[in-house]
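In what follows, a single structure is set out as structure tokens and then discussed.
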Amino acid sequence: MTQETATLYDDIRALLDEPPGPEQGAFLARLEHTLTDGYAHALSLEAERVRLEKRMGELAGGQHAEPGDSAEELATVARRLSDAGAELTRLRRVLERLRARARDLRAA
């Protein structure tokens, strides 16, 4: 996990735990900004997954330079693809909770 991703999760946790307080508009603005950052990160993870899936297809199809290298790279790509998928699932879950919090605040 990068420092940027860790900071995003820290911001989301803080917003989920923090009471809105008297400045509900400012709190909602922070929440919306963090949602936007989270969705941007989710799109980045999706793009990474697509790129990795394409590379796996190339490797599986024999489009590589060295046979020995391809097995190692295929394992690395498969691991990175799995990691990106798990991270995307985790991020979507916390973003859903944050989105629900924003919806509740708007309705209040």
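Numbering that gives the first Met the number 0 applies: residue 0 is where the sequence shown begins, and numbers increase by one. Even glycine gets a Cβ: it sits at the ideal position worked out from N, Cα and C. These figures come from a predicted structure and were not determined experimentally.
For residue i, the three-state DSSP class (helix, strand or coil)
i	result
residue 107	coil
residue 3	helix
residue 17	coil
residue 84	helix
residue 72	helix
Between the CA atoms of residue j and residue i - distance to the nearest angstrom
i	j	result
residue 4	residue 59	31 Å
residue 101	residue 86	22 Å
residue 51	residue 106	41 Å
residue 54	residue 72	9 Å
residue 47	residue 16	30 Å
residue 99	residue 61	46 Å
Residue i and residue j closer than 8 Å at C-beta
i	j	result
residue 14	residue 94	no
residue 20	residue 97	no
Quiz item: Is it a yes or a no for the stretch 20–27 touching the stretch 73–80, going by three-plus beta-carbon pairs under 8 Å?
Solution: no
Quiz item: How about the stretch 39–46 and the stretch 89–101: do they share at least three Cβ pairs that are nearer than 8 Å?
Solution: yes
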